[in-house]
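Trainee: Have a look at this one.
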Amino acid sequence: MKNLVFIEHADGKVKKASLEIISVALEYGDVSAIVVGDVDSATLSQFGASKIINVAQDALEPYSSGAYAKVIVDCVNQESPDLIFFSASRMGMEIAPLVAANLKISMASDCIGFSVDNGTVKIDRPVYSGKSFVSVAYNQMPMIVTIRPNSFEAKENPVSAESVNFAANFEQNDIASRVKEVIASVSERVDLTEANIVVSGGRGVGGPEGFAPIELLADEMSAAVGASRAAVDAGWRDHTDQVGQTGKTVTPQLYIACGISGAIQHLAGMSGTKTIVAINKDPDAPIFKIADYGIVGDLFEVLPILAEEIKKIRS
Amino acid sequence: MKIIVCVKHVPATDARIKLGADGKSIDETGINFIINPYDEFAIEEALLIKEKLGGEIMIVTLGESSAIESIRKGLAMGADKAVHLVCENVALADPWAVANRLAEEIREHDSDLILCGKNSADAQNQQVGSLVAAMLEKPVVTSVVEIEAEENTVTVWREIESGKEVYELSLPALLTVNKTEHEPRYASLRGIMMAKKKPVETKDVSIENGAIVVEEMSLPKAKEPCKIVGTDADSSGDLANLLHNEAKVI
Ligand SMILES: Cc1cc2nc3c(=O)[nH]c(=O)nc-3n(C[C@H](O)[C@H](O)[C@H](O)COP(=O)(O)OP(=O)(O)OC[C@H]3O[C@@H](n4cnc5c(N)ncnc54)[C@H](O)[C@@H]3O)c2cc1C
Ligand SMILES: Nc1ncnc2c1ncn2[C@@H]1O[C@H](COP(=O)(O)O)[C@@H](O)[C@H]1O
């Protein structure tokens with residue numbers, strides 16, 4: 029099968045989520061990677077992309093989902109892939125449905141399991157806020173899938189790659205919405221949705237300054253910092269940090285919930301985590317029902333020492 | 158300003174999910190249904206825009222006959238009228254087919270602004286808004302956390318992983334609404350009374366079978382009980398060791 033993967037990058041560095049997708053796609057055929065802008069393309073061939081389709085960024089600046097979608101549609105029409113992959117990121121989830129609508133094909137979002145059996149694609153995806161999963165069959169080609177970050181392993185698979193340029197052709201009415209300004213968040217941390225480790229705080233941290241020990245522990249592990257809705261609604265953290273039903277869904281290797289009771293709406297955003305740690309004063313807090321490891325104690329006493337202990341192990 | 162809000166009727170966020178007899182859907186017995194949370198934020202935004210600029214808010218819902226509960230709730234919050242496209246088995250239907258039917262309905266009405274939720278709580282496709290926009294050839298911005306509407310334009314803030322993007326759109330346009338800073342209002346008693354008299358047009362419809370078919374539903378694997386490492390800060394060292402040696406995550 030022929031696969032086309034839309035690559036996301038930040039400052040020229042390919043996002044880990046895009047490498048994970050190349051690894052998924054590679055199991056079912058060749059991978060062509062379409063990239064807008066300059067990236068370190070050696071990384072793409074290192075992970076198995078045998079064709080790199082480069083689109084110059086200037087024509088597509090500033091960002092417009094419509095213009096991106098048009099370019100990808102043109103590329104699909106030229107390359108005729110069977111499977112078209114995006115990351116289930118904000119960008120992927122905005123562009124992919126526009127491509128689907130334009131090509132008049134269905135798409136499956138937020139895939140966490142993927143296989144192809146006798147030409148039928150099978151996809152596992154969470155529904156009902158991760159409280160259940162469906163396995164869906166898709167028997168029409170081409171198809172579009174978005175892959176949830178951190179759900180598959182990125183594996184190196186060096187190949188020699190052909191690199192081609194692809195012209196962006198679009199008209200004014202393809203770019204009906206175009207970004208006017210970008211307000212970068214002040215945080216220098218990894219994206220919550222891509223992070224391997226997330227440390228989150230809830231109402232139990234008591235105030236904005238209560239996040240200091242959480243930040244400290246996160247720094248020790250290069251982790252992202254998350255928050256419960258209670259902490260966000262109290263104005264202690266920005267909504268970009270919220271984990272849960274009305275916030276972000278994260279699937280890191282390790283999630284440390286501090287002063288979070290474990291309401292079902294919070295679990296909706298993190299229950300796909302490999303290992304969950306809870307630090308909570310209340311032994312009956314529901315978070316302990318889903319956690320793998322717990323300390324029943326005061327987070328202000330536990331976190332600084334835990335940060336020290338982890339520092340020892342990591343050094 | 159004429160605003161259309163697409164509202165889905167979904168299980169309450171605290172609902173416990175059990176599998177249905179067919180193994181492909183949930184058992185709905187005992188489950189409370191509500192307006193999809195993001196759609197409720199969308200209704201609140203629509204009400205604030207109407208308070209500022211005047212106009213009319215119409216709800217469009219594709220769903221079982223029981224979805225009228227969410228429609229009435231939206232009307233009680235302050236929407237003016239509604240169209241209920243009555244159809245079975247909508248919850249996990251092919252998003253393309255759902256969007257196609259919604260777009261067909263929306264085309265029949267004048268609208269300056271169409272609001273959808275960022276995603277539905279049941280299917281969580283995050284697609285229907287964008288698909289409807291593309292089908293109607295209207296500009297779309299997704300995951301919007303703030304809206305400033307004027308007579309012919311909107312300025313919107315879209316949440317992305319690394320911050321926010323600002324867009325200025327001329328109307329008509331479609332937005333998919335994330336959680337905003339405006340907590341959805343409760344319906345007043347007066348609102349609830351008035352809602353009973355507001356017009357709801359009901360149509361029996363069917364949607365196409367899409368290319369995506371649910372074959373099986375499953376529940377998350379049961380977890381091992383939590384290992385309580387200790388009850389004070391002294392257990393931090395043990396926890397760090399377990400994370401390193403046993404879980405191998407640090
Ligand atoms: C439609 C809807 C959508 C929602 N979406 C979300 C969502 O996206 N994300 C989300 O998180 N919630 C969401 N909620 C809210 C959710 O129901 C809970 O209210 C919220 O998660 C509670 O946050 P919390 O655990 O921080 O606070 P609480 O429930 O108040 O828990 C605080 C915990 O901190 C512990 N604690 C206190 N002090 C300390 C200390 N010093 N050391 C250790 N532990 C301490 C307490 O024992 C307690 O368990 C939603 C609710 C609804 C209705
Ligand atoms: N059956 C439906 N009836 C009305 N609106 C819907 C329906 N399904 C989806 N929507 C709208 O599309 C948004 C995104 O849904 P989804 O793509 O399923 O995540 C929802 O928040 C609603 O605004």
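Protein sequence lines, in the order shown, are assigned to chains B and H. Position in the first sequence (from 1) plus 28 gives the number in the numbering used here. Position in the second sequence (from 1) plus 157 gives the number in the numbering used here. Positions of the beta carbon are idealized from the N, C-alpha and C atoms, including for glycine. All figures in this text were calculated on a predicted structure; none of them were measured in a lab.
1. What I want to know is whether the C-beta of residue 293 of chain B ends up closer than 7 Å to one or more non-hydrogen atoms of ligand 1.
2. Using only the heavy atoms of ligand 1, determine whether one of them is closer than 7 Å to the beta carbon of residue 230 of chain B.
3. Which of the three DSSP states is assigned to residue 255 of chain B in this structure?
4. Within 8 Å, do at least three Cβ pairs link the region 168-182 of chain B to the region 117-134 of chain B?
5. Should residue 234 of chain H go down as buried or exposed, given a rule of 16 or more other Cβ atoms within 10 Å for buried?
6. If I follow the unbroken alpha helix (DSSP H) through residue 380 of chain H, where does it start and stop?
7. Ligand 2 and residue 283 of chain B: does any heavy atom of the ligand fall closer than 7 Å to the residue's C-beta?
8. On a CA-only basis, which of H/187, H/295, H/254, H/356 is nearest residue 333 of chain H? Give me that one, please.
9. State yes or no: is the beta carbon of residue 121 of chain B nearer than 8 Å to at least one beta carbon in chain D?
10. May I ask you to check if the CB of residue 296 of chain B is nearer than 7 Å to at least one heavy atom of ligand 2?
11. Around the C-beta of residue 119 of chain B, are 16 or more other C-beta atoms found within 10 angstroms, so that it is buried, or is it exposed?
12. What does residue 268 of chain B reach in chain H if we use C-beta pairs closer than 7 Å?
13. Considering Cα atoms alone, identify which of B/53, B/156, B/142 is closest to residue 169 of chain H.
14. Cutting at 6 Å between CB atoms, please list the residues of its own chain near residue 267 of chain H, excluding the five before and the five after it.
15. Under DSSP, the beta strand (DSSP E) around residue 34 of chain B begins and ends at which residues?
16. Spell out the partners DSSP gives residue 51 of chain B in its beta bridges.
17. Only counting the same chain, and skipping five residues up and downstream in sequence, which positions put a Cβ closer than 6 Å to that of residue 283 of chain B?
18. For a cutoff of 8 Å on Cβ pairs, would you count residue 357 of chain H as touching chain B?
19. Output needed for residue 293 of chain B: all residues of its chain with C-beta closer than 6 Å, excluding positions within five of it in sequence on either side, in chain order.
20. Which residue from B/91, B/289, B/79, B/162 puts its Cα closest to that of residue 141 of chain B?
21. Closer than 7 Å: is that where the CB of residue 231 of chain H sits relative to any heavy atom of ligand 2?
22. Tell me where the beta strand (DSSP E) around residue 325 of chain H begins and ends.
23. Ligand 1 heavy atoms versus the CB of residue 270 of chain B: any closer than 7 Å?
24. Determine which residues of the region 215-233 of chain B have a Cβ less than 9 Å from any Cβ of chain H, and write them out in chain order.
25. According to DSSP, simplified to helix, strand and coil, what is residue 294 of chain H?
26. Label residue 223 of chain H either buried or exposed according to how many other C-beta atoms from any shown protein chain fall within 10 Å of its C-beta, with 16 as the threshold for buried.
27. Return the Cβ separation of residue 237 of chain H and residue 215 of chain H in integer angstroms, given the expectation that the two are a contact with Cβ distance under 8 Å.
28. CB-CB under 7 Å to residue 180 of chain B, same chain, minus the five flanking residues each way: which ones, in chain order?
29. Quick check: the region 309-329 of chain B against the region 162-182 of chain H, are at least 3 beta-carbon pairs closer than 8 Å?
30. At a Cβ cut of 9 Å, what residues of the region 185-206 of chain H count as close to chain B, listed as they run along the chain?
31. Between residue 43 of chain B and residue 37 of chain B, which are expected to be in contact by the criterion C-beta below 8 Å, what is the C-beta distance as a whole number of angstroms?
32. On the CB-based measure, 16 or more other CB atoms within 10 Å of its CB, does residue 361 of chain H come out buried or exposed?
33. Which two residues bound the contiguous beta strand (DSSP E) that contains residue 79 of chain B?
34. If you measure between the beta carbons of residue 278 of chain H and residue 366 of chain H, is that distance less than 8 Å?
35. The beta strand (DSSP E) spanning residue 153 of chain B covers which residue range?
36. Please state if the CB of residue 309 of chain H and the CB of residue 327 of chain H are separated by a distance shorter than 8 Å.
Mentor: For this structure:
1. Correct: residue 293 of chain B has its Cβ closer than 7 Å to ligand 1.
2. Yes, the Cβ of residue 230 of chain B comes within 7 Å of a heavy atom of ligand 1.
3. strand
4. yes
5. Result: buried.
6. No alpha helix (DSSP H) holds residue 380 of chain H; DSSP gives it neither H nor E.
7. no
8. H/295
9. The chain inventory of the structure shown lacks chain D, comprising the protein chains B and H.
10. In this structure, residue 296 of chain B has its CB at a distance of at least 7 Å from all heavy atoms of ligand 2.
11. buried
12. Correct list: 316.
13. B/156
14. 159
15. Counting along the chain, the beta strand (DSSP E) containing residue 34 of chain B begins and ends at 30-34.
16. In the DSSP output, where bridge partners are listed per residue, residue 51 of chain B has none listed.
17. 226, 298, 301, 304
18. Residue 357 of chain H does not count as touching chain B.
19. 272, 273
20. Closest by alpha carbon: B/162.
21. No.
22. 320-327
23. Yes; taking the cut-off as 7 Å, the Cβ of residue 270 of chain B has a heavy atom of ligand 1 nearer than that.
24. Those residues of the region 215-233 of chain B that come within reach of chain H (Cβ to Cβ, closer than 9 Å) are 215, 219, 220, 221, 222, 224, 225.
25. coil
26. exposed
27. Sure, about 7 Å apart at Cβ, within 8 Å.
28. 48, 51, 52
29. no
30. Residues of the region 185-206 of chain H whose Cβ lies closer than 9 Å to any Cβ of chain B, in chain order: 194, 195, 198.
31. 6 Å
32. exposed
33. 79-83
34. It is not a contact, given that the beta carbons lie outside the stated cut-off.
35. For residue 153 of chain B, the enclosing beta strand (DSSP E) begins and ends at 148-155.
36. yes
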